[in-house]
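Protein chains in written order, with the UniProt record's numbering: chain A, 1 to 398; chain B, 1 to 398; chain C, 1 to 398; chain D, 1 to 398.
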């Protein structure tokens with residue numbers, strides 16, 4: 001389906017060769033200040049062409065709010081955001097062999113299997129442009145979360161190929177000292193100081209940049225990982241049993257093109273830990289500041305307990321506990337590479353060579369950073385609204 | 001929410017201290033032969049007490065079909081399955097300190113935050129008994145998939161702590177020779193030859209069993225991973241863009257208690273691969289056998305192409321391509337351990353010691369095998385029904 | 001589908017010949033006092049056999065709460081309610097011609113068309129027993145609405161055949177003086193003083209009773225109408241544009257077996273009115289009593305305005321305005337009659353005579369009263385929870 | 001919510017003062033020929049200004065397909081349709097008293113209650129322009145239904161005020177000879193021969209036109225009814241128990257602005273009928289023509305039985321039986337009238353006079369005709385896709 005969320009719900013439309021990529025946001029709370037300028041910055045962060053190692057196409061990606069606001073405030077009604085596709089001519093992705101061969105590890109073949117019709121771009125909605133709609137909608141969710149609960153969502157590149165920001169990709173994030181140092185304070189501005197790779201460490205960022213350049217010259221591509229931190233999410237989010245918060249986050253993140261893995265808190269490394277080490281003991285934090293208390297008046301209350309470690313990644317029993325929500329995402333290498341590839345023909349009559357052509361983005365993870373942030377924001381906003389509906393009913397009962 | 005799926009939809013109810021754990025299955029296709037004996041075997045595989053290293057409690061877990069069938073056939077109407085809780089008295093999980101302290105890394109605290117009421121079992125629906133409903137419903141999905149498309153779903157334990165069936169947990173499954181040897185033929189019966197650990201390798205299974213026994217004696221617990229293979233899933237499954245098949249699978253699997261990570265195909269290891277290696281070239285397989293052709297008459301057609309490698313894990317652009325769907329799941333160590341733990345009190349007045357008591361399951365992954373299979377079956381069955389609705393509309397159009 | 005509602009959501013299962021009729025209620029707010037005794041009275045009101053003019057079968061219909069409560073309070077987790085079918089043998093609805101002929105205006109034929117399989121009861125879930133699940137779930141919704149907002153839902157029989165409580169069936173309820181006299185104070189107890197017909201007027205109730213007896217003796221049946229009043233529903237309920245409150249109410253009510261029409265406020269008679277008469281002018285009511293104010297603390301605020309007339313039926317622009325919500329429902333005559341009927345055979349080979357047998361309920365509207373109340377309660381409870389989620393987000397924004 | 005349908009799903013956005021009114025259609029089957037010219041005619045039928053008795057504003061309402069098609073065929077991906085609002089300045093609905101008073105029986109007050117923010121148009125999405133999105137989406141559903149099953153949907157005006165096309169508004173349509181004469185053959189072209197009122201009877205149409213002109217001159221307005229016929233809908237549509245076809249139709253239709261009542265088949269008049277008269281006997285129709293058979297190849301089969309009467313309105317037990325689906329809809333008189341009205345102020349400080357200004361549409365039912373057709377098409381298309389998913393699963397089972 002093309003919609004996500006139960007209450008704070010988004011529905012997207014648009015492929016690279018149509019008139020626009022668009023999204024309708026339902027049930028955004030009313031009275032939120034919202035203008036195009038709130039949305040554009042994350043779209044700009046998503047844009048290709050931010051440096052020599054990313055794809056050189058210049059897509060302008062200007063968003064327009066069609067409905068759901070007036071005088072710079074949301075009305076509570078559906079918000080339609082559209083971003084025009086500036087060049088709608090079928091793009092020059094390769095020579096004519098592209099009409100004969102479904103590209104390996106692209107969506108050309110599976111879209112044909114599913115829909116029985118071949119769009120000029122091959123895999124229709126599997127285009128990276130589809131993610132524009134996610135990012136646009138995510139900024140709205142995020143703004144509301146920030147204004148109401150001070151939620152902060154920051155993602156960054158944690159590996160490119162086998163160059164890792166942290167010691168080992170198989171280690172638990174939740175016990176990595178370098179990660180724990182970044183967790184409380186990392187900002188998007190800080191992450192963007194490390195453009196084009198968005199890995200917040202000077203030496204490692206440089207190595208990643210070099211590696212990407214090397215692969216670009218070798219007409220190849222590489223995968224990588226993105227790590228995301230959500231600070232100040234209220235406790236009590238997540239709807240057991242099937243819509244546990246880690247489950248809806250995984251759903252959201254695994255729906256991003258090219259994602260092959262998702263882990264939360266200790267993740268895969270947690271599978272090798274002992275319970276006595278993995279368990280997160282509770283303690284009683286200092287009381288809230290006046291500022292925090294006032295912000296939460298009328299909202300979900302803040303948890304009275306915190307945990308000393310956070311192997312749980314901010315979620316226990318499928319429900320947020322108020323600690324930072326931390327997850328890591330694996331992206332495969334882009335399937336489009338500037339090399340000839342031997343593969344089978346659409347018509348099943350045999351194999352041949354799909355000719356290489358053009359220049360392509362050898363690594364998408366830096367651009368994936370705002371997409372991951374957007375999907376996290378959409379997931380949390382929906383969970384907050386669901387908990388609001390319960391909280392208010394529960395309060396009146398007592 | 002407590003339901004999963006769009007058409008083949010399940011809704012579950014029941015916590016460990018109520019009268020039953022139950023599930024309603026909506027829109028199961030009519031005329032499927034279905035009796036309790038189809039469901040019970042997977043419930044038995046899920047039961048604790050299968051050996052000395054699993055928890056010694058004997059839960060009988062007998063399923064009853066309340067509705068939706070007649071004369072051993074489904075009617076197409078909702079199927080209610082219930083499994084009674086035989087002992088509904090609050091269980092003896094520890095001494096009275098359990099009333100003072102939320103158990104670390106349990107759901108006690110977060111359920112209280114979410115619902116504002118403390119069930120006698122602490123985290124209400126986070127109990128492992130909730131998974132009975134998933135397994136019961138999964139068998140129905142699975143039977144229908146097997147009868148219509150010959151779908152086979154087999155999961156097994158691939159690691160316990162740091163004992164791994166495959167060379168390294170950080171390697172891509174999709175290029176591991178030992179895994180590739182198992183992939184085409186592994187059966188549940190074969191997996192169950194390696195009880196109590198369900199790891200299909202004699203030496204490694206033995207090591208895992210020893211490790212679990214050691215941790216049990218040390219009053220500790222361990223995590224592990226489960227790997228799952230889905231063979232013969234039709235191509236064309238998965239609903240872009242948000243309900244890509246890997247996204248709904250991730251949702252399903254990450255909703256299982258204690259899961260911390262999910263990866264498909266090359267997974268996290270794929271993030272370190274080059275595109276030229278990761279891309280899966282297509283080839284033209286031999287034609288279908290007469291038996292296969294006859295089975296598919298009236299159903300979704302079989303893909304004319306296959307891929308030489310399967311780093312995609314059977315899904316490209318969010319849509320199945322007909323190759324085996326392969327994924328790996330990380331389970332954290334059980335939070336319940338027979339050790340004293342220092343933690344904070346419910347009332348926020350300070351910390352103390354939560355006393356250990358009783359004996360607990362030191363490793364849940366062997367019992368998680370049928371749960372993973374069930375959630376995979378539910379996900380695929382729903383995707384098949386969605387594609388059926390499109391396929392029939394598309395066929396008539398052409 | 002077999003579920004209703006977005007947040008306060010119910011999913012039902014069970015046909016007359018299975019083990020039970022059951023319902024799972026998701027997202028009932030936690031901490032609501034709830035025991036079987038809260039549910040049973042409405043089930044009893046729904047039961048047949050309440051007098052000589054209703055069907056003589058005695059169904060006990062005892063409800064059991066399987067999950068979702070502890071110590072007489074809801075936990076916030078799914079509530080499974082089951083009501084066993086005491087006699088599960090295929091019932092004796094007629095002689096053997098019932099195997100040859102689909103009964104006219106029954107669901108026998110359409111269920112076969114839809115599902116391709118014939119249940120022993122013919123139209124499977126179209127049985128009146130299915131409504132047990134609705135009534136059971138409705139009592140829970142209703143209790144919560146009453147405790148939080150003082151909502152009162154009262155339905156009654158307004159016509160049987162062409163005997164009408166109000167002057168003309170084509171008149172607008174919203175301007176009928178007799179109706180306006182009942183609207184503010186009518187209770188269920190008062191309605192039940194007029195058993196077996198539940199029409200709150202001594203003379204008219206007697207005429208209806210006579211008419212039903214007459215039709216019973218003539219082996220025939222009759223339709224009728226039920227009118228429903230919802231008092232104290234908060235303003236702001238209903239989700240434009242597709243889930244306007246009158247639309248979800250209509251959905252709920254039209255899903256009750258045998259319903260052929262639904263109208264709200266002025267209804268069909270409103271189509272003949274002039275705007276200058278139909279418009280409901282606003283006025284400023286007296287301030288709230290202290291008791292009312294205290295009840296609403298923390299909940300949705302009460303509307304500052306009321307309307308002098310209520311042709312809108314309590315809903316304007318799809319959203320409740322705080323005035324009584326008033327609607328009328330048309331039920332067709334029961335299809336099961338004790339007369340021979342000429343009709344076609346299942347196999348399409350021709351026509352013949354479906355023999356009459358047994359005694360049947362000649363008029364269902366008295367028993368439909370609690371079913372209408374239940375569906376109204378489910379609709380309003382869901383709308384309240386949706387508005388709660390918005391209200392809390394909106395409050396924090398301002 | 002702003003979406004409708006489970007599979008063939010539409011989500012709308014836009015109020016009268018934003019940039020556009022738009023709709024995303026999800027899961028339209030692929031390969032359907034679709035261009036703007038398929039959509040525009042129904043939008044034109046919906047437009048005001050078609051004659052002197054309808055509102056004189058000229059809205060152009062040109063639709064653009066943004067996505068989901070290529071080379072004039074649907075891709076199976078989401079279709080975004082937008083219709084720009086040409087004049088986005090707040091309209092001149094009255095003098096400044098409109099800022100002080102919520103208009104009686106408008107949505108001004110309830111939108112403020114719900115959202116806590118006042119749009120310049122008062123009731124935001126309650127504007128008649130919202131229905132543009134319904135009509136646009138409905139044409140797509142309708143085209144697919146017509147091409148696959150030959151479905152024909154024709155609505156017309158059956159009453160204006162108390163001028164009725166049929167003998168009495170309280171009579172059952174299903175037994176009215178004049179209606180039965182129209183039912184098999186009435187077309188939209190024939191209905192449009194009776195512009196501006198769209199009542200297919202010369203004398204009665206003239207009376208209606210006169211009555212509307214009279215009310216216009218009296219600065220008043222009137223309600224009316226629309227009747228709709230759906231021919232050739234497949235049997236087996238509708239999802240018991242809550243999504244019976246009449247329930248989803250009622251939901252769809254009652255969500256249209258100004259609708260106060262819905263009845264199907266015998267409707268409210270059926271409540272006064274006896275079962276022996278109301279029951280629809282089955283008979284065996286002649287066999288299908290070769291043309292019909294070929295159309296249905298691969299689709300849902302045609303029912304082998306038909307009924308001699310159609311008091312059921314084409315739906316039995318919530319499931320279509322293949323007979324014409326017939327329903328009637330009541331529209332209240334427009335709330336906007338050119339008369340002064342005494343009413344209360346927004347701020348609750350008392351009452352005053354809301355001054356009349358401008359000229360308004362005294363009767364909306366002629367323009368409502370394509371809106372009713374659109375909502376019927378959306379409902380049936382979704383039901384067909386749901387039944388497709390079941391039918392294919394059921395066929396493979398047997």
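Ideal placement from N, C-alpha and C gives every residue a C-beta, glycine not left out.
For residue j and residue i, the rounded distance between their alpha carbons
i: residue 93 of chain C; j: residue 22 of chain B; result: Here the model assigns residue 93 of chain C a pLDDT of 49, short of 50, so the residue's position is not dependable, and the following value carries that caveat. Going from the Cα of residue 93 of chain C to the Cα of residue 22 of chain B covers about 32 Å.
i: residue 81 of chain B; j: residue 346 of chain A; result: 45 Å
i: residue 301 of chain C; j: residue 243 of chain C; result: 21 Å
i: residue 378 of chain C; j: residue 138 of chain C; result: 6 Å
i: residue 145 of chain D; j: residue 340 of chain D; result: 47 Å
i: residue 386 of chain B; j: residue 6 of chain B; result: 8 Å
i: residue 56 of chain D; j: residue 360 of chain D; result: In this prediction, residue 56 of chain D has a pLDDT of 46, which is less than 50 and means its spatial position is unreliable; what the coordinates show is noted afterwards. Looking at the two C-alpha atoms, the distance is approximately 8 Å.
Anticipated Cβ contact below 8 Å, residue i with residue j, distance rounded
i: residue 238 of chain C; j: residue 159 of chain C; result: No, residue 238 of chain C and residue 159 of chain C are not in contact; Cβ-Cβ is about 28 Å, not under 8 Å.
i: residue 31 of chain D; j: residue 116 of chain A; result: 6 Å
i: residue 215 of chain A; j: residue 362 of chain A; result: 5 Å
i: residue 172 of chain B; j: residue 266 of chain B; result: 4 Å
i: residue 104 of chain A; j: residue 281 of chain B; result: 5 Å
Local conformation of residue i per DSSP, three classes
i: residue 20 of chain B; result: strand
i: residue 1 of chain D; result: coil
i: residue 314 of chain A; result: coil
i: residue 337 of chain A; result: coil
i: residue 60 of chain D; result: coil
i: residue 319 of chain A; result: strand
i: residue 97 of chain D; result: helix
i: residue 7 of chain B; result: coil
i: residue 283 of chain D; result: strand
i: residue 268 of chain D; result: helix
i: residue 65 of chain D; result: strand
Minimum C-alpha distance to residue i - residue among the options
i: residue 167 of chain A; options: A:204, A:2, A:251 and A:151; result: A:204
i: residue 20 of chain D; options: D:61, D:150 and D:378; result: D:61
i: residue 110 of chain A; options: B:76, B:321 and B:307; result: B:321
i: residue 391 of chain D; options: D:77, D:279 and D:235; result: D:235
Using a Cβ distance threshold of 8 Å, determine whether the stretch 245-252 of chain D contacts the stretch 366-385 of chain D, with at least three qualifying pairs required. yes
Contact the stretch 214-229 of chain A vs the stretch 324-334 of chain A: 3+ CB pairs below 8 Å: yes
Could you say if the stretch 36-45 of chain B and the stretch 367-377 of chain B meet the contact criterion of at least three C-beta pairs nearer than 8 Å? yes
Three or more C-beta pairs closer than 8 Å, one from the stretch 253-263 of chain B and one from the stretch 248-267 of chain A: is that the case here? yes
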